[in-house]
Every structure is written in C-alpha cells, then in structure tokens.
Amino acid sequence: MSIDKIANELLNYATVDENIPMSSLTSLRIGGNARYVVYPTTVVALVEIMNVIKRYNLPFKVFGKGSNILCSDKNYDGVIIRLDRSFSEVYFTEDSCIAQAGCSIIAVAYEAMKNGLSGLEFASGIPAMVGGVTFMNAGAYNSNMAGVIEEVFVLHDGMLEWIPNSKCNFSYRYSVFHDNPDWIIIATKFRLKKKPVEEIKEIIETRKARRIAAQPLDKPSAGSTFKNPLEKPAWELIDGIGYRGKRIGGAMVSTKHVNFLINEDKATAKDFMDLVTEIQDKVKEKYKIDLYMEVERFNW
Ligand SMILES: Cc1cc2nc3c(=O)[nH]c(=O)nc-3n(C[C@H](O)[C@H](O)[C@H](O)COP(=O)(O)OP(=O)(O)OC[C@H]3O[C@@H](n4cnc5c(N)ncnc54)[C@H](O)[C@@H]3O)c2cc1C
Numbered sequence: 008m009s010i011d012k013i014a015n016e017l018l019n020y021a022t023v024d025e026n027i028p029m030s031s032l033t034s035l036r037i038g039g040n041a042r043y044v045v046y047p048t049t050v051v052a053l054v055e056i057m058n059v060i061k062r063y064n065l066p067f068k069v070f071g072k073g074s075n076i077l078c079s080d081k082n083y084d085g086v087i088i089r090l091d092r093s094f095s096e097v098y099f100t101e102d103s104c105i106a107q108a109g110c111s112i113i114a115v116a117y118e119a120m121k122n123g124l125s126g127l128e129f130a131s132g133i134p135a136m137v138g139g140v141t142f143m144n145a146g147a148y149n150s151n152m153a154g155v156i157e158e159v160f161v162l163h164d165g166m167l168e169w170i171p172n173s174k175c176n177f178s179y180r181y182s183v184f185h186d187n188p189d190w191i192i193i194a195t196k197f198r199l200k201k202k203p204v205e206e207i208k209e210i211i212e213t214r215k216a217r218r219i220a221a222q223p224l225d226k227p228s229a230g231s232t233f234k235n236p237l238e239k240p241a242w243e244l245i246d247g248i249g250y251r252g253k254r255i256g257g258a259m260v261s262t263k264h265v266n267f268l269i270n271e272d273k274a275t276a277k278d279f280m281d282l283v284t285e286i287q288d289k290v291k292e293k294y295k296i297d298l299y300m301e302v303e304r305f306n307w
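Residue 8 is where the sequence shown starts when you use the working numbering, and the numbers rise one by one after that.
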C-alpha cells in the first residue's frame, strides 16, 4: 500500500497537511517534518481516522499547542492529530464549563471571567489547549488543573467515556493520560465558582503582569524545562551551577528565568538536549539532586 493511499484515506475524514515542519507546531520551534498532520472536524471523523491509523499500523500523536514538546530533528513518519480547528466549543452553566480539547485555555479562562466564573485565573497565561493542560495537569501560582477539573471526556478503544477527576490520577505535571498515550481527550469539564467579574479580572491582570516580568516571552521556549525537585526549585539549582545565560549552539538558558531554556537562534533538538544533559550532570555533581525534564521529548 503506497503512502499516498494513506493520505487519501485520511482525507475522507479530515483536512490533511503533508510533510509539515514540526517546528511550526511547537512553541520551541524545533523539529523535523511530520508526514501527516490531520485536523478532524468531528468525533466521528476522529474515530474513523483512528481506524485508518490502526489498519496501517501508523504511529500517531495528538498535539495541543505544542508548548511542552521538544521534537527531535528527525522526520516523523506518522500522523499528528490536531484538534484546534474544530474541537473548540465551550459551554457554560451557572457553576461549570465544558471546553472541547482544541480550545485555547487562555480563551476559556477569559470567557469564564466574562461569565463571572472563577477558578481558571491561574491558567489565563498558559499558552496551551484544554487537551494539553488536562494531560499535563498544568499549574501555576499554587493551583493546578486537578483542582478545577470535574471530569474528562475521552475517546479510547473506540469508545467515549467521561472519566471522573478521582480516576485521572493527577499529581505534579502528571495524569492517567501519561500511561495511556492512545487515549484522546475530547473535552474537559471544569467546576467553577461564582465571583464578581472585576475580582476575577484583577487576579488575571496581576498574574499576567507577573508572567511578563518573570518570563522570556519574546523567545521560543517550552516554559519550564525541568520539574521542581522536592529539595529546591529547579531555577535555584541551575543558578547555583552558574548556568544563567549558558549557551550551546542555538539553545540558551534564559537570563530572565533560568528554568526556561530558549531557542535563541536556530537551535536544533541536539543543542537543546546537550544543554539539558549538561545541566543535569552539573546539578547532580554539585547538589546530588536529579533534575527531571518537564518538557516531553517526541520522536527520539
Ligand atoms: C511561555 C510558556 C509558559 C508556560 N507556562 C506554564 C505554566 O505556567 N504552567 C504549566 O504547567 N505549564 C506551562 N507551560 C508548559 C505548557 O504550556 C503546558 O505543559 C501545557 O499543558 C501544554 O499544553 P499544550 O496544549 O501545548 O500541549 P502539548 O505540548 O501539545 O502536548 C503536551 C502533552 O499532552 C498531550 N495531549 C495534548 N492534547 C491532547 C489530547 N487532546 N488528548 C490526549 N493527549 C493530548 C500530547 O500528546 C503531549 O503528550 C508553559 C509553556 C510556555 C511556552
């Protein structure tokens, strides 16, 4: 069966882009080409796409905004599924919100604010989709997704199921979805609280100002590169080894926020990982602490 035959089959159910640089699909702007990038418009189309993927035994990966993914420099001979073009409806009630996986979490947080619903203020600056923040249990300012998610609508094994928060196994930047990479998050239901719009707005604006002051938002990055170990925050360890501003090839430790490794100038995945490994080694040597990546490596 030729490759074109596969593209034609996928095209029955979705817009299909071919040979797309993954650098254009991720916030780090790094990566080789992806053979197929598909944009299904409905759950039915998504189910059929999964059937095609299974039939041809193709590797696949759902991408959100790609703001936590470091793609290798190699080409990816598989299917990347993006939900942002169609899975972008949000439904509000008096005290809850159901957002489809392709919604921007920033947009959902602002919509919640307009509806006088509080709970997502902490996420109003995370450049991600609802599927991605649910998968990652993203968090900031001592809050996280686990604290506001009621249940998650998931496609797995050809079936749709609402999975309650208690079965999502949320912990620090972790969820049950890490152990089930073939599950696809379709939507997330958030439990929110009524609050005056002005109060919500003030919290969002304070958080926004803090982000702008603390993060190198003018440079491509994937946010915090390392998880914070229990002993000390990652930034303190990286600063402690004198790596603020350290550069390997095009990858650099931000001078503004040392846990942000940025793509300073045409960085390759190798540059990025060389810098990561050097930091891990030096931190281990000096502090006897293991630094683990928060950023996910893909297609290695
Ligand atoms: C400037 C900047 C600031 C950031 N600030 C924060 C922060 O404050 N807090 C924080 O926690 N993170 C932060 N991040 C990191 C990142 O935004 C989060 O990890 C976020 O959760 C990733 O969401 P995404 O939509 O980009 O997902 P992606 O990076 O595209 O994917 C992440 C993982 O989720 C999986 N996934 C995505 N969608 C689905 C789906 N529908 N179904 C199944 N699996 C799916 C992917 O396969 C992948 O494994 C920041 C990043 C940047 C660049």
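By construction, the Cβ of each residue, glycine as well, lies at the ideal position given by its N, Cα and C atoms.
Keep in mind the model is a prediction, meaning the values are calculated, not measured.
Taking a contact to mean a Cβ-Cβ separation below 8 Å, would you say residue 109 touches residue 90 in this structure?
On the sequence shown, residue 109 is found 102 positions in, with the first residue counted as 1. On the sequence shown, residue 90 is found 83 positions in, with the first residue counted as 1. Yes, the pair counts as a contact, with Cβ atoms nearer than the cut-off.
Using the C-alpha atoms, what's the distance from residue 63 back to residue 221?
Against the sequence shown, residue 221 aligns to sequence position 214. Against the sequence shown, residue 63 aligns to sequence position 56. Residue 221 and residue 63: Cα-Cα distance of roughly 46 Å.
Let me make sure I understand the geometry here. Which of 28, 99, 116 and 124 has the alpha-carbon closest to that of residue 85?
For the purposes of this step, residue 85 is identified with residue 78 of the sequence shown, where counting begins at 1. Ranking the options by Cα distance to residue 85, first place goes to 28.
Rounded to a whole number of angstroms, what is the C-alpha to C-alpha distance between residue 259 and residue 270?
Stepping through the sequence shown from its first residue, residue 259 is reached at position 252. Stepping through the sequence shown from its first residue, residue 270 is reached at position 263. Approximately 7 Å, taken between the alpha carbons.
Ignore the nearest five residues each way along the sequence and tell me which others in residue 278's own chain have a CB closer than 8 Å to its CB.
What you label residue 278 is simply residue 271 of the sequence shown in a count that begins at 1. Same-chain partners within the cutoff: 255, 256, 257 and 258.
Express the C-alpha separation of residue 212 and residue 204 in angstroms, rounding to a whole number.
Sequence index remark: in the sequence shown, residue 204 carries index 197 (1-based). Sequence index remark: in the sequence shown, residue 212 carries index 205 (1-based). Approximately 12 Å between the Cα atoms of the pair.
Residue 269 by DSSP, collapsed to three states: which one?
Taking the first residue of the sequence shown as position 1, residue 269 is located at position 262. Three-state result, residue 269: strand.
Does DSSP put residue 155 in a helix, a strand or coil?
For this step, residue 155 is matched to residue 148 along the sequence shown. It is coil, neither helix nor strand.
Please name the residue in 34, 61, 80 and 56 whose C-alpha comes closest to that of residue 71.
Reading the sequence shown from its first residue, position 64 is the one you call residue 71. It is 34.
May I ask which residues mark the beginning and end of the alpha helix (DSSP H) holding residue 84?
Within the sequence shown, the letter at position 77 stands for residue 84. Residue 84 -> not in any alpha helix (DSSP H); beta strand (DSSP E) instead, spanning 83-89.
Closest to residue 172 by C-alpha separation, out of 156, 25 and 74, would be which residue?
Looking up residue 172 in the sequence shown gives position 165. Out of 156, 25 and 74, 156 has the C-alpha closest to the C-alpha of residue 172.
Sequence-distant residues of its chain with Cβ nearer than 7 Å to residue 120 (five each side left out)
Walking along the sequence shown from the start, residue 120 turns up at place 113. Cβ within range, chain order: 204, 207, 208 and 211.
Could you tell me whether any non-hydrogen atom of ligand 1 is closer than 7 Å to the CB of residue 28?
The residue you call residue 28 lines up with position 21 of the sequence shown. Residue 28 Cβ: outside cutoff for every heavy atom of ligand 1.
Hey, would you say the C-beta of residue 242 is under 7 Å away from at least one heavy atom of ligand 1?
Position 235 of the sequence shown, counting from 1, holds the residue named residue 242. Every heavy atom of ligand 1 is 7 Å or more from the Cβ of residue 242, so no.
Quick one: what's got a C-beta closer than 6 Å to residue 289's C-beta in the same chain, skipping five residues either side?
Residue numbering aside, residue 289 sits at position 282 when the sequence shown is read from its first letter. Closer than 6 Å at Cβ, skipping near neighbours: 248.
Assuming residue 229 and residue 74 make a contact with CB atoms under 8 Å, what is their CB distance in whole Å?
Position 222 of the sequence shown, counted from the start, is the residue given in the question as residue 229. Position 67 of the sequence shown, counted from the start, is the residue given in the question as residue 74. The pair is a contact, with the Cβ atoms about 6 Å apart (cut-off 8 Å).
With DSSP as the reference, label residue 193 as helix, strand or coil.
On the sequence shown, residue 193 is found 186 positions in, with the first residue counted as 1. Residue 193 falls in the strand class under three-state DSSP.
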